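Enquirer: Residues 1 to 456 (the numbering used here) make up the sequence shown, in order.
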Amino acid sequence: MNNIYKYLKYATTGEEKSEEKHDMEVFMRSQELAEEYDIKYDGESIVPTDTSLADSVFEAAVQLLRSQGIYCIDTKKTIKIEEEDIIKSLNTSEMLEIGRLKEKVIVPFRYTMDSEPPVIIGGPMGGTVSEENFLEVHLSSAMEPIVQGLYAGALEKMGGKGIRGKTPFEMLAALKEAREERLATKLAGREGLALMGPGTPTISPAYMLVSSDELYSSADVQEVYQLDELKTDYETFYKSIFHLEHGNHFLSGQCPVFGGTGIGTPEGLAIVDVAETIQSKILTSASVHVSGAVHVNTNSSSTKEIMWGSNLSSIAISRNMHHYTARYYWNLAGCCTDMMFYETAAQAIGDTVSGRDMLIGPVGARGAGADHSTGLESRFMGEVAHMATSLSLAEADEAVRKIYKKYENLLVHAPEGKPFRECYDVRSEYEMRPTDEYMGLYRDVFAEVSGYCGIE
């Protein structure tokens, strides 16, 4: 708690500036550091193979954090990050164990080309889910044996009406969401399966309300969203202090926008992504940092620029510091399309060989279209990740390039796909399965991806 107190004080006494100036400084400084450390994207590779480049990214990220600090939007002041705190944080971390009873999982500290697979977290991960299908969407992931945790979706409506943000209605929506997610684990016969979230609320009282032994317990991973591009706010401090005091696991999530105000190049993305991971450990003391960068033109995480920068960041972190990392999968295509499977495969292979500890999702239609999350999509992500543990960086890059060519031209007009109820035959809460069409597509694409990975 000492660091939070110190940095909260800095948030009230630091250098004052506008948010626009901070964003421009992050943009310019990350570009300068990329040139200074000779960090260059070749425009073709997706999984970097030069580990010395990753080490340079890490050094550049430390310099960026030291020079720019963290901007607090509530006070309009900069929190200075001290070098001593950065150095002390690099190789200290506690083991992360999630879930309860038979569903306990020890999250591994993974390294580049690690033979142990990442932890697989299914669910809509903040994507929009309709009220009528909320339970079944989450249940479909909880039923998959390869899934080791469930990341909540955002409830679209409550009582048939939209949920008014930043009001007490959010508290009621958070309760409804958490109860149905916990019920999904029970119906699947997986009492104790780890929950991550919640995904509906935006205010700290609603997050804290569901933090209890019955809903989101200390064995789950509760959400604390850091602002993007090296920023924070009082909401982040509220939730971090609460979870630290109660001994809860919690995540710091960020989804920086490539092509936005603070990040202009893949090299800049890699540097900022690492800096935000260090921010997570120092400023919030989160148990795990989840990154989900998206491209400004597609709002998806599956473009080659995003994947290259994210993979390079993951390699840099796994080689230079101890902190659990995960990644959100924001796919552009909808469910029950070959493009959705291709997007997931390209990301899962890259993340696995790059040392990511946890994979989350995927969600289709960029999370904006309701009910574009299914257990079969999470199963596919997990099986591809397990398969990728046998690949080298070079083999992974070759495979991902082939997969990317399958959907690159569709990024301007991705197939809409089908929502959950058109993907699954649901007869009851105890009897549901993917449609024959969906299973056939799954088998075909998995066989194709296996071939690209050299596995027959």
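Ideal placement from N, C-alpha and C gives every residue a C-beta, glycine not left out. Predicted, not measured: the structure shown is a model, and the values here were computed from it.
If you draw a straight line from the C-alpha of residue 67 to the C-alpha of residue 24, how long is it?
Expert: Taking the straight line joining both Cα atoms gives about 13 angstroms.
Enquirer: According to DSSP, residue 327 sits in a beta bridge with which residue or residues?
Expert: Answer by DSSP bridge pairing, in chain order: 291, 359.
Enquirer: Going by the DSSP bridge assignment, what does residue 431 pair with across the sheet?
Expert: Residue 431 is bridged to 428.
Enquirer: Is it buried or exposed for residue 5, if we count other Cβ within 10 angstroms and need 16 for buried?
Expert: Looking at its Cβ environment, which holds fewer than 16 other Cβ atoms inside 10 Å, residue 5 is exposed.
Enquirer: Kindly indicate which residue of 234, 219, 257, 421 has the alpha-carbon position closest to the one of residue 246.
Expert: Comparing Cα-Cα distances from residue 246 to each of 234, 219, 257, 421, the minimum goes to 219.
Enquirer: Taking 8 angstroms as the threshold (C-beta atoms), are residue 396 and residue 348 in contact?
Expert: No; because the gap between Cβ atoms is not below 8 angstroms, this pair is not in contact.
Enquirer: Using a 10 Å radius around the Cβ and a threshold of 16 neighbouring Cβ atoms, would you call residue 440 buried or exposed?
Expert: It counts as exposed.
Enquirer: Rounded to whole angstroms, what is the Cα-Cα separation between residue 419 and residue 225?
Expert: The alpha-carbon atoms of residue 419 and residue 225 are separated by roughly 27 angstroms.
Enquirer: By a C-beta neighbour count over all protein chains shown, 10 Å radius and 16 as the cutoff for buried, is residue 297 buried or exposed?
Expert: It is exposed - the Cβ of residue 297 has fewer than 16 other Cβ atoms within 10 Å.
Enquirer: To the nearest angstrom, how far is the alpha carbon of residue 316 from that of residue 158?
Expert: Each residue's alpha carbon lies about 43 angstroms from the other.
Enquirer: Who are the near neighbours of residue 345 in its chain, counting only those whose CB is closer than 7 angstroms to its CB and skipping five residues on each side?
Expert: 384, 403, 449, listed in sequence order.
Enquirer: Spatial neighbours of residue 176 within its chain, please: CB distance less than 7 angstroms, with the 5 preceding and 5 following residues excluded, ordered by chain position.
Expert: Excluding residues within five positions, the ones whose Cβ falls inside 7 angstroms are 155, 158.
Enquirer: Run through DSSP, which three-state label would residue 249 get?
Expert: Strand.
Enquirer: For the beta strand (DSSP E) that residue 381 lies in, which residues bound it at each end?
Expert: Looking at the DSSP string, residue 381 is not in any beta strand (DSSP E); the run it does join, the alpha helix (DSSP H), is 375 to 388.
Enquirer: Looking at the structure shown, is residue 109 part of a helix, part of a strand, or coil, going by DSSP?
Expert: Of the three classes helix, strand and coil, the one that applies to residue 109 here is coil, per DSSP.
Enquirer: Quick check: the segment 71 to 85 against the segment 433 to 447, are there 3 or more CB pairs under 8 angstroms?
Expert: The segment 71 to 85, when compared against the segment 433 to 447, does not touch it at the 8 angstroms Cβ threshold.
Enquirer: From what residue to what residue does the alpha helix (DSSP H) around residue 514 run?
Expert: Absent from the structure is residue 514, since the part of the chain shown begins at 1 and ends at 456.
Enquirer: Can you tell me which of the three DSSP states residue 68 falls into?
Expert: Residue 68 falls in the helix class under three-state DSSP.
Enquirer: Exposed or buried, residue 34, counting other C-beta atoms within 10 Å across all chains shown (16 or more means buried)?
Expert: So residue 34 counts as buried.
Enquirer: If you reduce the DSSP assignment to three classes, tell me which class residue 223 lands in.
Expert: Reduced to three states, the DSSP call for residue 223 is strand.
Enquirer: Figure out for me which residue from 166, 168, 173 has the closest Cα to the Cα of residue 160.
Expert: For residue 160, the nearest C-alpha among the options comes from 173.
Enquirer: Can you tell me which of 117, 101, 146 puts its alpha carbon nearest to the alpha carbon of residue 544?
Expert: Coverage of the chain is limited to positions 1 through 456, which leaves residue 544 absent and any answer about it impossible.
Enquirer: Does residue 197 come out as helix, strand or coil in the three-state DSSP assignment?
Expert: Correct three-state label for residue 197: strand.
Enquirer: Would you kindly work out how many angstroms separate the C-alpha atoms of residue 223 and residue 249, rounded to a whole number?
Expert: Looking at the two C-alpha atoms, the distance is approximately 9 angstroms.
Enquirer: Spell out a yes or no on whether the segment 278 to 294 and the segment 302 to 317 are touching, meaning 3 or more CB-CB pairs, one atom from each, closer than 8 angstroms.
Expert: At 8 angstroms Cβ cutoff, the stretches touch.
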